[in-house]
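Reviewing the structure listed below.
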Amino acid sequence: MAQVRFKVNVSDKLDYTPLDTIEDNISVVRGNFTTGKPRDMYWRKFQLNRLYSMVKDHEEAFYEALAKDMGKSRHEALMGDISPLLEECLYFLDANLAKDQKVKPRSAINRHDTCIVRKDPLGVVLIIGICRLYLLVTQRYQDSLVHVTNSFPPPPLHLHVAGAIAAGNAAIIKLSEIAVHTSAVITELFPKYMDSSCYRLVNGGVEETTALLQHRFDHIFYTGGGQVGRIIMTAAAKHLTPVTLELGGKWYVRNTRTVTCYSPHYIHSPAVITADADMKTVAQRIAFGKFFNTGQSCIAVDYVLVPRTHVDAFVQAMQQVVANWFGQNPKGSKDYGRIINTRHFDRIAGLLERRGSGTIVIGGDMDREERYIAPTVVKDVSFQDAGLMTEEIFGPILPIVAYNEIQDAVAMINRHDAPLVVYAFANKKKEQRQIVDNIPSGGVLVNDTMVHFSEFALPFGGVGPSGMGKYHGARSFQTFTHERSMMVKKQRFEFLMRSRYPPYTPTTYKMLRFALLTSSLKIKRIMYKRELKAALYIVILYLFFYLKKRFY
1 MAQVRFKVNV
11 SDKLDYTPLD
21 TIEDNISVVR
31 GNFTTGKPRD
41 MYWRKFQLNR
51 LYSMVKDHEE
61 AFYEALAKDM
71 GKSRHEALMG
81 DISPLLEECL
91 YFLDANLAKD
101 QKVKPRSAIN
111 RHDTCIVRKD
121 PLGVVLIIGI
131 CRLYLLVTQR
141 YQDSLVHVTN
151 SFPPPPLHLH
161 VAGAIAAGNA
171 AIIKLSEIAV
181 HTSAVITELF
191 PKYMDSSCYR
201 LVNGGVEETT
211 ALLQHRFDHI
221 FYTGGGQVGR
231 IIMTAAAKHL
241 TPVTLELGGK
251 WYVRNTRTVT
261 CYSPHYIHSP
271 AVITADADMK
281 TVAQRIAFGK
291 FFNTGQSCIA
301 VDYVLVPRTH
311 VDAFVQAMQQ
321 VVANWFGQNP
331 KGSKDYGRII
341 NTRHFDRIAG
351 LLERRGSGTI
361 VIGGDMDREE
371 RYIAPTVVKD
381 VSFQDAGLMT
391 EEIFGPILPI
401 VAYNEIQDAV
411 AMINRHDAPL
421 VVYAFANKKK
431 EQRQIVDNIP
441 SGGVLVNDTM
451 VHFSEFALPF
461 GGVGPSGMGK
471 YHGARSFQTF
481 THERSMMVKK
491 QRFEFLMRSR
501 YPPYTPTTYK
511 MLRFALLTSS
521 LKIKRIMYKR
531 ELKAALYIVI
541 LYLFFYLKKR
551 FY
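Per UniProt numbering, the sequence shown runs over residues 1 to 552.
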């Protein structure tokens with residue numbers, strides 16, 4: 001059967017979901033989940049196939065939308081957006097993760113019973129892309145309406161949807177209002193490919209997201225900034241709803257009336273370069289981790305720590321890389337993107353202007369109208385710099401902080417909260433271990449940047465303020481699954497159970513104690529010892545009769 005393709009117009013306008021329809025959407029999805037429809041394995045695979053086809057059939061539309069939203073090149077869009085979702089769909093289509101898992105009982109009393117871990121869906125899940133919310137600050141800025149903005153752009157194609165489908169859930173998906181063109185494409189295609197009785201989209205901003213959070217869901221998966229993550233956790237707590245938060249970056253709070261205040265949490269993704277590293281190779285990989293998507297990624301290199309004696313060599317290598325990749329005028333390069341919107345542009349520009357230390361050695365050019373910020377490197381930055389080092393950058397500005405000894409670099413990173421990822425560039429295993437063992441983080445990548453995100457055999461997620469919960473591949477399935485314990489016992493041999501029933505006696509106590517406190521492993525050891533003794537007795541008896549017959 002030939003695949004039907006739909007013509008897509010990449011719209012500049014994203015129509016918001018009417019507020020009075022949100023409750024109905026949730027009710028419809030929940031009603032269909034209770035029928036068991038999303039649990040059927042054939043149906044799950046069919047929906048994953050449709051999700052795969054939606055992206056595969058319309059790659060060009062997504063490339064165009066991503067270019068309009070963020071100036072992404074086809075290569076970056078393929079690596080960061082298209083390929084991961086297609087790979088995830090294919091993985092779930094091939095894997096059989098929903099199969100019941102039989103486990104061997106440990107207790108002697110259950111030794112002959114059947115123990116199973118079922119993989120049940122959670123129910124109706126809410127998946128939220130990056131959004132903006134309002135909250136009331138009740139301490140220093142009491143009664144002031146504060147606008148909480150995530151300071152990095154969304155992953156426009158939600159990987160998490162594939163995991164939710166594979167696990168048998170129904171879902172409400174809140175698309176990001178920041179990536180207008182990409183969300184508009186998804187909004188147009190999604191109902192044509194996916195079953196709208198179990199999966200529905202919601203578009204909107206503050207009001208729509210707030211309306212969603214007033215309802216009960218069985219799991220909430222949020223990608224964005226820490227402050228909005230706190231708001232979502234507060235809303236989820238009212239219903240005791242579990243959450244997965246992919247935060248990664250620091251967040252900032254902008255008062256819409258009078259003041260600007262900044263988060264007390266500083267969650268960088270730092271890179272540490274040791275003295276024995278190959279600076280040419282390191283510079284290329286650092287540049288990839290910083291200028292991919294113009295630095296607008298939760299795992300982008302936030303700053304780099306370089307041995308004081310190697311700073312100039314690293315700067316020279318970075319200058320060569322930037323010139324080779326983007327030419328003398330990166331603004332004219334088709335491979336270099338743009339900032340997601342003017343608000344984000346102004347924030348990044350402000351960081352550079354407010355810096356109290358450092359010298360710009362690469363780039364520094366900006367064009368607000370085009371939302372262009374050149375690949376920028378600033379050396380001799382103080383670790384206490386009030387501009388570049390106390391707030392996330394999420395843009396193409398790379399501060400270089402010099403250090404003397406490796407333990408100094410470790411100590412500096414540990415002054416901040418645990419990062420989403422630490423990048424360690426070292427050839428000696430001792431130095432690798434020194435960095436990895438002493439810096440807590442969501443993940444670690446040695447001698448490269450960002451590519452660990454594309455390895456779906458590894459779980460991905462933060463720790464502490466950088467997030468909670470994991471996803472990718474099997475871990476995405478686990479995130480949206482309830483592992484339900486099940487035991488099946490036989491009605492025979494009831495006489496063996498008499499020790500647990502009254503009236504209790506010293507004899508039944510001994511029997512019960514033996515059954516409860518003796519594991520299967522201990523029983524095996526006991527049986528082994530008994531069998532060994534029996535075999536030894538047989539050998540001794542055989543030798544006795546043999547010798548008796550021989551000599552007597």
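Beta carbons: idealized from backbone N, C-alpha and C, even for Gly.
Item	Value
Given 8 Å, three or more beta-carbon pairs between the segment 297-312 and the segment 333-346	no
Nearest neighbour of residue 365, chosen from 11, 352, 310 [CA to CA]	352
Neighbourhood of residue 537 by C-beta distance below 6 Å, restricted to the same chain and skipping five residues each side	none
Contact set for residue 118: own chain, Cβ-Cβ below 6 Å, skip 5 residues either direction	100, 484, 486
Residue environment, residue 91, which counts as buried when at least 16 other CB atoms sit within 10 Å	buried
Chain-order list of residues whose beta-carbon lies under 6 Å from that of residue 321 (same chain, five-residue window excluded)	283, 284, 287
Cβ distance (whole Å) where residue 342 is taken to contact residue 360 below 8 Å	The pair is not a contact, with the Cβ atoms about 22 Å apart (cut-off 8 Å).
Sequence-distant residues of the same chain with beta carbon closer than 8 Å to residue 124, five excluded per side	26, 29, 30, 33, 169, 170, 171, 172, 217, 218
Residue 237 versus residue 243: straight-line alpha-carbon distance, rounded	9 Å
Straight-line gap, residue 85 to residue 511 (C-alpha atoms, nearest Å)	56 Å
Opening and closing residue of the alpha helix (DSSP H) in which residue 430 lies	429-438
Between the CA atoms of residue 447 and residue 426 - distance to the nearest angstrom	7 Å
Contained alpha helix (DSSP H) runs [length at least 4] in the segment 180-238, N- to C-terminal order	180-193, 206-213, 226-237
Cβ shell of residue 177 (< 6 Å), same chain only, five flanking positions each side left out	205
Own chain, CB closer than 8 Å to residue 113, minus 5 neighbours either side, in chain order	105, 487, 488, 489, 490
Minimum C-alpha distance to residue 372 - residue among 340, 175, 199	340
Per-residue burial, residue 239 [other beta carbons within 10 Å of its own, 16 or more giving buried]	exposed
Rounded separation between residue 308 and residue 316 - CA only	14 Å
Assigned secondary structure, residue 500 (DSSP; H/G/I helix, E/B strand, else coil)	helix
Counterpart residues of residue 481 in DSSP-defined beta bridges	121
Span of the alpha helix (DSSP H) around residue 407	406-413
Runs of alpha helix (DSSP H) lying entirely within the segment 334-374, each at least 4 residues, in chain order	342-354
DSSP three-state assignment for residue 89, whether helix, strand or coil	helix
Validate contact between the segment 429-440 and the segment 193-205 using beta carbons, cut 8 Å, 3 pairs	no
Residue range of the alpha helix (DSSP H) that includes residue 281	279-291
Same chain only: Cβ atoms within 7 Å of residue 513, ignoring 5 sequence neighbours per side	none
Residue 355 versus residue 227 - alpha carbon distance	24 Å
Which of helix, strand or coil DSSP assigns to residue 495	helix
Close beta carbons around residue 440, own chain, < 6 Å, minus the five adjacent residues each side	418
Own chain, CB closer than 6 Å to residue 126, minus 5 neighbours either side, in chain order	172, 217, 220
DSSP state of residue 539 mapped onto helix, strand, coil	helix
Collapsed DSSP secondary structure at residue 464 in the structure displayed	helix
The alpha helix (DSSP H) enclosing residue 66, as first and last residue numbers	59-70
Residue 442 and residue 461 closer than 8 Å at C-beta	yes
Residues bridged to residue 126 (per DSSP)	172, 220
Of the residues 310, 529, 305, the one placed nearest residue 410, counting alpha carbons only	305
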